[in-house]
Every structure is written in C-alpha cells, then in structure tokens.
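Step one of this worksheet: look at the structure below.
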Amino acid sequence: MPKEVSSQNNADQVDIPGDLTAELRKLKHAYETLSSNREKEASAQLAVKDFLWNQLRTMDRDHMALLRIKEVEAAQATEAAQKRQQSIEELQVAARKKDDEIARLRAQVVVAENKVTSQKRRRLGCTFKIFVKIPTLDGKTIALEVSDSDTIFSVKAKIQDKEGIPAGQQRLMYINTLLVGSCALKDQNIQIQEEDILDLVIRGMHIFVKVRAGKSAVETVTLEVESSDTLQSVKAKIFDQTCMPPGGHRLFLSGKLLEDSCTLADYNIENDSILDSDVRSPWPSEMLRLSVKTPTSMSSSMCACARRRSTISRQRFMLSWAFPRMSSASCRVGSTESRLRMGNPC
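Numbering of the sequence shown is given in the UniProt record's numbering, commencing with residue 1 and proceeding in unit increments.
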C-alpha cells in the first residue's frame, strides 16, 4: 500500500512541471500577442499623428500664402484708394477754380448790368434803392429811395426823417470812404450803384451852450464834443464859433460852476445837455464877429474878430488869416463871391 501511494505521488510530481511549462507558454504567447497589438496601435497612432502634423503644416503654408496674397491685395487697394483720393482732390480743386471763375464772371456781369442800369436811370432820371446800415446792437439796415441828383446832405435828411438821427451827427461811409460835400451822388468819386450798402457812423455827442451876445441877447451854440473833453477845450470850441475868449466867461450846469480842468464825464454831462455861459469880462463894443459865406452857399464854422473901425484891407487880412485857403486878394468884402457879415459884438 505505501508503495502505490509513493509511486502515485511521484507521478503527480512529474506532471506539475509540464503544466507550468504549458501555462508559461500560454502567458508568453499572450504577452507577445498583446505586445504586438500595442505596437500596431502605437504605429497607427504615430501614423495618424504624422498625418495630422502634415495637414497642419500644409494648412499653415496655405494660410501664410493666403495672408501674403491678402497683404498684396490690401497694398494694391490702398494705393488705388490714394490715387482715387488724389483724383478727387484734383477734381475738387478744378471745381473750385471753375466756381471762382463763374463767380468772377457773374460779378463782372452784375457790374456791367449795374452800369447799364445806372446809365439808363441817369437818362430817365429814375430813383433807385440803396441801403444804410445803422450802428445798433441788432445791426439794423434801412432802405432809401434816392436818385443820382440827390446829395449826401439830402440822403442824411432822409435818414433823419426815417430814424430821427440828426443830420449833423451823421457820417456816411462807402467802402471805407467818407462821403462828404454837397455834390450829387452821380458826381462822387466812387460810383454808388443800386442796392449798395452805406455805413452810418454817429458822431460824438452834442451839447448846447447859452452864450450872452449882449446885455440881454442870448445866443445858443451847438457843440460837438466827447465825454473826455475838458471844459477848457469846450471853451475853445465856443471861441471858434463866437470869438469869446476862454478866459472871458464861465460855464455852469444847472447853476453849478464847472471847473476848466474837469471833463464832461466828471460832471455826467450827456448828449443834448444845456450849459450856461456867464461873461466875466465883456468885449469892447467896437469888436465885431466876422463870418464868411462862400459861393457854394455853405457858411464856414470858423470866425474872425475885427474892430468896427478897421479898414477893408485889414478885414481881408483877418479873413485870409482865419481861412488859409482864402487869399486876401480873392476876398471881396460885400461882393457876391464872399460876403462879410457884421455880427454881434464878440
């Protein structure tokens, strides 16, 4: 019995290594199969990676080529736009030049038409319309009906009738040129056309001075002054019109004595104020005031003084001294060319 058991055990021990070897072969075969599969998968993944990488590089090359093409196209478009802009600017310059030329030709046509109209108007004696710009805050402009025969004085009178501005305070300007004199509009150096605009300039303020010309007679003198004028300069202007010496009288405002060194603004003297003159040292009764009436029928604003007993030659000399443009030889006392008027005592 024990011998059988021992032999069986020996047989079993002989079978165990064979089984292990077979199992080892199976495991080795499975490992080799698995390793082969992994290598195949890795090769496949590597092939996919290479394919994708090649695709990426191809796409990158295509993108760079497309980008370069777009840059070239953008540069060409920019150059074309610059050329187009330059062409537009040249066309605009040409259009402006053409507009300026058209405006110049139209202005010449208007000037020619105005000249023709003015000539027709002069032949027919018709009136025409001009405009006067009044110096107000709103820049008021008025229209006046005038004719070529109207003088600057008559135009000022029409402005006075329409706006109430005294003609003596008006100065009319046309293209920075002062219009003066009694000549007709057609005789002015600057031809005033229809619908032209004149600028009105208001002179300085005016005050009135009541001057005693005798024991009871009172003469009112109108003076054009500025607020900055002193009372001494006002007296000088009174002397220009009345020959009353500045030191021979005093000036009062509402009974208040005015100092010579003060200005009109110091006493709040405004436009159309009335001053009184008090004669302190009367002139000798033999002194006369001389005024001149010229052939143009316009009296000068200046005067001269002479004694009642002075000769005609002496009076001529005084007039030529007071009026430098008038020579003593051309001054004829009492004639129609120049009349010497004996006024009140100075």
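Even for Gly, the Cβ is constructed at its ideal location relative to N, Cα and C.
Whole angstroms is fine: what's the gap from residue i's alpha carbon to residue j's?
i: residue 362; j: Ile-159; result: In the structure as shown, the chain begins at 1 and stops at 346. Residue 362 is therefore absent and cannot be evaluated.
i: Ser-36; j: Val-48; result: 18 Å
i: Asn-268; j: Glu-194; result: 43 Å
i: Ser-24; j: Arg-38; result: The question names Ser, but residue 24 is Leu in the sequence shown. Computed Cα separation, rounded: 21 Å.
i: Ala-95; j: Gln-82; result: 19 Å
i: Leu-200; j: Gly-164; result: 13 Å
i: Leu-34; j: Leu-46; result: 18 Å
i: Thr-230; j: Asp-260; result: 6 Å
i: Leu-185; j: Phe-153; result: 10 Å
i: Glu-101; j: Ala-167; result: 42 Å
i: Arg-61; j: Gln-76; result: 23 Å
i: Leu-91; j: Lys-97; result: 10 Å
i: Asp-272; j: Asp-138; result: 25 Å
i: Glu-286; j: Asp-266; result: In this prediction, Glu-286 scores a pLDDT of 47, lower than 50, which makes its location untrustworthy; the coordinate-derived value is nonetheless stated afterwards. Going from the Cα of Glu-286 to the Cα of Asp-266 covers about 38 Å.
i: Tyr-31; j: Gln-55; result: 35 Å
i: Leu-179; j: Ile-192; result: 11 Å
i: Asp-99; j: Ala-107; result: 12 Å
i: Lys-78; j: Ala-103; result: Checking the sequence, you will find Thr at residue 78 rather than Lys. Rounded to whole angstroms, Thr-78 to Ala-103 spans 37 Å at the Cα level.
i: Val-279; j: Cys-262; result: 20 Å
i: Asn-176; j: Ala-74; result: 58 Å
i: Trp-53; j: Thr-21; result: 47 Å
i: Gln-232; j: Lys-162; result: 36 Å
i: Arg-57; j: Ala-80; result: 34 Å
i: Ser-299; j: Ser-228; result: Below a pLDDT of 50, predicted positions are generally treated as unreliable, and Ser-299, at 38, falls in that range; the measurement from the model is reported next regardless. Taking the straight line from one Cα to the other gives about 28 Å.
i: Leu-105; j: Cys-126; result: 28 Å
Under 8 Å by Cβ, that's how I've got residue i and residue j pegged, so tell me the actual separation to the nearest angstrom.
i: Lys-133; j: Ile-197; result: 6 Å
i: Val-225; j: Gly-204; result: 6 Å
i: His-249; j: Leu-223; result: With a Cβ gap of about 14 Å, His-249 and Leu-223 do not count as contacting.
i: Leu-257; j: Leu-275; result: Actually they are not in contact, since the Cβ atoms of Leu-257 and Leu-275 sit about 11 Å apart, beyond 8 Å.
i: Phe-131; j: Thr-117; result: The Cβ separation is near 16 Å, so there is no contact.
i: Ile-202; j: Pro-135; result: 6 Å
Let me know if residue i comes out buried or exposed under the rule of 16 or more other beta-carbons within 10 Å of its beta-carbon.
i: Thr-242; result: buried
i: Ser-87; result: exposed
i: Leu-264; result: buried
i: Val-218; result: exposed
i: Phe-51; result: exposed
i: Phe-128; result: buried
i: Asp-150; result: buried
i: Val-211; result: buried
i: Leu-27; result: exposed
i: Val-209; result: buried
i: Met-173; result: exposed
i: Gln-85; result: exposed
i: Ile-16; result: exposed
i: Ser-254; result: exposed
i: Gln-170; result: buried
i: Met-64; result: exposed
i: Val-72; result: exposed
i: Gly-18; result: exposed
i: Val-234; result: buried
i: Met-244; result: buried
i: Ile-238; result: buried
i: Ser-277; result: buried
Taking the DSSP output, what are the residues bridged to residue i?
i: Met-205; result: DSSP output for Met-205 lists no bridge partner at all.
i: Ser-277; result: Leu-251
i: Leu-200; result: Leu-172
i: Ala-143; result: Phe-131
i: Val-221; result: Val-209
i: Leu-179; result: Leu-172
i: Lys-256; result: Leu-253
i: Thr-151; result: Ala-184
i: Thr-230; result: Thr-263
Establish whether the CB of residue i and some CB of chain C are separated by less than 8 Å.
i: Ala-77; result: Although the question refers to chain C, the structure presented lacks it and comprises just one protein chain.
Does the ligand FMN have a heavy atom nearer than 7 Å to the CB of residue i?
i: Lys-97; result: Ligands in the displayed structure: none, and consequently the ligand FMN is not present.
Mind the definition here: the region 133-153 touches the region 102-113 only if three or more C-beta pairs lie below 8 Å; say whether that holds. no
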